[in-house]
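Student: Numbering (the UniProt record's numbering), first residue to last: 1 to 212.
Here is the structure:
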């Protein structure tokens, strides 16, 4: 009950303040920092893994407020429950998870480092009805959370196959050093992942993701 009450309180607060937030927008940034912090604190009282960000692809049409759970499959239900309770408001659309993106981005800027999708290769195998995805890069980091390229790859993966399917169809995600000749090792460029993933995804049961 407390979970539902907090969700209702969150949406009531959004309804009261959304105009203030939208009017603060300049160059795809929102200046209402205190309001954004309030949203984040309320969401984390519902589920500590809940996140949100804003997107707007075109000059016309509503801004999208996209909710996620930072890759934690145990929080998928929280995201779906939250968005399922969202009100209909003009000027903004509420969505669960990052969806596939077309055209697929070929460059992403993370922490002032430009990351190119062509720098990454992958292998995808189905073993005992479980999909295992491996990412290959030069100078693969020993600590994943301090390398901006890792964050870039996660953004590429969301764009290629969608955040929800990444969490529910990929059993494990591993990171390896790029071999001298990736083709000899049977690897494929990361940009081709969508096609390979779609060929295999229906043969596996929905599961969670373990990042090593």
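Using N, Cα and C, we set each Cβ at its ideal position, and we do this for glycine too.
Of the choices 167, 144, 158, whose alpha-carbon is the least far from that of residue 132?
Tutor: Answer by Cα proximity: 167.
Student: State buried or exposed for residue 86, treating a residue as buried only when at least 16 other CB atoms are found within 10 Å of its CB.
Tutor: Counting Cβ neighbours within 10 Å, residue 86 comes out buried, since at least 16 surround it.
Student: Return the chain-ordered list of same chain residues with a C-beta closer than 7 Å to the C-beta of residue 163, the five sequence neighbours on each side being excluded.
Tutor: Counting only Cβ-Cβ distances below 7 Å, and skipping sequence neighbours, we find 68, 97, 98.
Student: From the DSSP output, read off the bridge partner residues of residue 115.
Tutor: DSSP, once it has assigned bridges, lists 108 as partnering residue 115.
Student: Taking buried to mean at least 16 other C-beta atoms within 10 Å of its own C-beta, is residue 41 buried or exposed?
Tutor: The residue is exposed, with fewer than 16 neighbouring Cβ atoms inside 10 Å.
Student: Just checking, does the segment 174-189 make contact with the segment 95-115 on the three C-beta pairs under 8 Å criterion?
Tutor: The segment 174-189, when compared against the segment 95-115, does not touch it at the 8 Å Cβ threshold.
Student: May I have a chain-ordered list of the beta strand (DSSP E) segments no shorter than 3 residues that lie completely inside the segment 36-70?
Tutor: Those beta strand (DSSP E) runs which fall completely within the segment 36-70 and span 3+ residues are 51-55, 63-68.
Student: Compare the Cα-Cα distances from residue 117 to each of 191, 10, 8, 4 and report the closest residue.
Tutor: It is 191 whose Cα lies nearest to the Cα of residue 117.
Student: Tell me whether residue 115 counts as near the ligand GTP, meaning its Cβ is closer than 7 Å to at least one heavy atom of that ligand.
Tutor: The ligand GTP is not among the ligands present in this structure, which contains no ligands whatsoever.
Student: Within the same chain, show all residues whose beta-carbon is closer than 7 Å to that of residue 199, passing over the 5 residues directly before and after it, in chain order.
Tutor: Excluding positions up to five away in sequence, the list is empty.
Student: Taking DSSP as the reference, what is the three-state secondary structure of residue 101?
Tutor: Here residue 101 sits in coil by DSSP.
Student: Taking residue 95 as the reference, give the member of 35, 130, 54, 108 with the closest Cα.
Tutor: Checking every option, the nearest Cα to that of residue 95 belongs to 54.
Student: For the alpha helix (DSSP H) holding residue 79, just list the boundary residues, first then last.
Tutor: Residue 79 -> alpha helix (DSSP H) spans 76-84.
Student: Return the first residue and the last residue of the beta strand (DSSP E) that residue 133 is part of.
Tutor: From DSSP, the beta strand (DSSP E) with residue 133 extends over 130-137.
Student: Do residue 7 and residue 82 have their beta-carbon atoms positioned less than 8 Å apart in this structure?
Tutor: Yes, these two residues count as a Cβ contact at 8 Å.
Student: Name the DSSP beta bridge partners of residue 174, please?
Tutor: In DSSP, residue 174 forms a bridge with 134.
Student: Could you check how far apart the C-beta atoms of residue 129 and residue 205 are, in whole angstroms? I think they sit under 8 Å.
Tutor: Indeed, because the Cβ distance is near 7 Å, the residues count as touching under 8 Å.
Student: Could you check if residue 159 is buried or exposed, using at least 16 other CB atoms within 10 Å of its CB as the buried criterion?
Tutor: By the 10 Å Cβ count, residue 159 comes out buried.
Student: Whole-angstrom Cβ separation of residue 64 and residue 25, contact assumed at under 8 Å?
Tutor: Actually they do not touch by this definition, with Cβ atoms about 13 Å apart.
Student: Who are the Cβ neighbours of residue 13 in its own chain at under 8 Å, not counting the five residues just before and after it?
Tutor: Once the five neighbours on either side are set aside, the close Cβ partners of residue 13 are 38, 39, 42.
Student: Compare the C-alpha of residue 122 against each of 112, 187, 5, 88 and name the closest.
Tutor: Of the listed residues, the one whose Cα sits closest to residue 122 is 187.
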